[in-house]
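The structure appears below as C-alpha cells.
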Amino acid sequence: MVLERKTALITGSAKGLGRMTALRLADQGCDIVINYVHSEQEAYELAERIRYKGARCKAVQGDIAVQQDRERLVNEAVAEFGSVDILVNNAGPFIRERRWFNEYTADEINYLVQGNLLGVMHLDHMVLPLMRSRRWGRIIHFGFGHAAEARGWPHRAVYAAAKVGLVSFTKTLAVEEAAGGITVNMICPGDIRGANKEKTIEEVEDLIDEESPGAGREQGRILPG
Numbered sequence: 001m002v003l004e005r006k007t008a009l010i011t012g013s014a015k016g017l018g019r020m021t022a023l024r025l026a027d028q029g030c031d032i033v034i035n036y037v038h039s040e041q042e043a044y045e046l047a048e049r050i051r052y053k054g055a056r057c058k059a060v061q062g063d064i065a066v067q068q069d070r071e072r073l074v075n076e077a078v079a080e081f082g083s084v085d086i087l088v089n090n091a092g093p094f095i096r097e098r099r100w101f102n103e104y105t106a107d108e109i110n111y112l113v114q115g116n117l118l119g120v121m122h123l124d125h126m127v128l129p130l131m132r133s134r135r136w137g138r139i140i141h142f143g144f145g146h147a148a149e150a151r152g153w154p155h156r157a158v159y160a161a162a163k164v165g166l167v168s169f170t171k172t173l174a175v176e177e178a179a180g181g182i183t184v185n186m187i188c189p190g191d192i193r194g195a196n197k198e199k200t201i202e203e204v205e206d207l208i209d210e211e212s213p214g215a216g217r218e219q220g221r222i223l224p225g
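First residue of the sequence shown: 1, per the working numbering; consecutive thereafter.
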C-alpha cells in the first residue's frame, strides 16, 4: 500500500528553526511549503535542497502579520499540493531593541500582536476545514521558554503577551479538534542563539554556557568565584 504524502506548511522557514523543521519533515516524507519575508535567496536554496531529497517544495513570500499575505500563502499551498496537512507556525516578529512598553508605537504593538497571535489564529482557522475534511491534521505553535508560566518579561511586553495568549489558544484548540484527528501542540524552546538554530542536538549537546545546568563545575568540583 502506498501511503499518501503529507504537505507541511512552515512559516518563517528560510532560516533558523523553521529551516531545520522543513528539512526534518522532508526527511520524513512530507512535501514542503517554505515561507519567507525577505530571505528569498535562502528560501530558494532550501527549496532546491529539499527537492534533492525527493520531496516536492514550493517557496512563498509573505508576512504572516499581514492578512492578505496569510491568505495568499494558504491559497498557493493548496493550489500547488491540494491541502495543508501539517501547519508549523514558526514565524513570529520580534523587536530586538530593548524598550519599555510605553516606548512602542501603536503600529509596532499591532504588528507584534498580528504576527505572534492573531495571524497564527487566522492561519489555523484557514487550514482547519482542510484538516477536518481528511480527519487528520497537525498544528504546531512556537512560543518561548517560559510562555506557559505567564511570567513578566520587561522590554518584551507585547511579544510576551501575544505568546502567552497563544498558550491558552493552543490548549483550547487541542481540546476542540481532538475528536477530528487533529492535534494541536506548542513548542517553547529556550534561548537558542545564532548559528545554533541550524544545528542538531548532537552537534551542540556538549556546549556549555553560563545558563547551562552545572556551568562552573569542572571535574566534579565547583570552581571558586
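C-beta atoms are modelled at their ideal positions from N, C-alpha and C, and glycine is treated no differently.
Check your understanding: Considering only residues of the same chain and omitting the five flanking positions on each side of Arg132, which have a CB-CB separation below 6 Å?
Key -> Gly180
Review point. Going by the CB atoms, is the gap between Gln61 and Tyr44 shorter than 8 Å?
Key: no
Review point. Could you check where the alpha helix (DSSP H) with Tyr104 kicks off and where it finishes?
Key: Per DSSP, Tyr104 lies in no alpha helix (DSSP H) and is assigned neither H nor E.
Exercise for review: Note down, one range per segment and in chain order, each alpha helix (DSSP H) of at least 4 residues found wholly within the stretch 143-180.
Suggested key: 157-177
Review point. In terms of residue numbering, what span does the alpha helix (DSSP H) encompassing Gln67 cover?
Key: 67-81
Exercise for review: Measure the alpha-carbon distance for Leu123 versus Ala65 and round it to whole angstroms.
Suggested key: Those two C-alpha atoms are separated by around 10 Å.
Check your understanding: How about Ile34 and Val88: do their beta carbons lie closer than 8 Å?
Key -> no
Check your understanding: Exposed or buried, what is His125 when buried is set at 16 or more other beta-carbons lying within 10 Å of its beta-carbon?
Key -> Around the beta carbon of His125, fewer than 16 other beta carbons sit within 10 angstroms, so the residue counts as exposed.
**Study point:** For Arg24, three-class secondary structure by DSSP
**Key:** helix
Review point. For Asn90 versus Gly18, is the C-beta spacing smaller than 8 Å?
Key: yes
Review point. If you check the beta carbons only, do His155 and Arg72 fall under 8 Å apart?
Key: no
Check your understanding: With 16 other CB atoms within 10 Å as the buried threshold, where does Asp107 fall?
Key -> exposed
Review point. Can you give the Cα-Cα distance for Ala77 and Asp27, rounded to whole angstroms?
Key: Spanning the two alpha carbons is a distance of roughly 19 Å.
Exercise for review: For His122, name the three-state secondary structure that DSSP assigns.
Suggested key: Shown here, His122 sits in a helix according to DSSP, grouped into three states.
Review point. Whose C-beta lies closer than 6 Å to the C-beta of Lys197 among residues of the same chain, with five residues either side of it excluded?
Key: With a pLDDT of only 47 at Lys197, under the threshold of 50, the placement of this residue in the model should not be trusted; the figure read from the coordinates follows. Result list for Lys197: Gly16, Leu17, in chain order.
Practice item. Just tell me which of Glu177, Gly115, Leu166 has its CA closest to the CA of Arg138. Key: Glu177
Point to revise | Neighbourhood of Trp153 by C-beta distance below 7 Å, restricted to the same chain and skipping five residues each side | key: Cβ contact annotation for Trp153 (same chain, cutoff 7 Å, sequence separation greater than five): Ala160, in chain order.
**Study point:** Three-state class that DSSP yields for Ala47 in the structure shown
**Key:** In the structure shown, Ala47 sits in a helix (DSSP, three-state: H, G or I).
Exercise for review: Following the continuous beta strand (DSSP E) through Asp31, name the residue where it begins and the one where it ends.
Suggested key: 31-36
**Study point:** Contact set for Pro93: own chain, Cβ-Cβ below 7 Å, skip 5 residues either direction
**Key:** Ala65, Tyr111, Leu112, Gly115, Asn116
Check your understanding: If you run the structure through DSSP and keep just helix, strand and coil, what is Val113?
Key -> helix
Review point. Taking Cβ positions, are Glu42 and Ala8 nearer each other than 8 Å?
Key: No, the pair does not count as a contact, with Cβ atoms beyond the cut-off.
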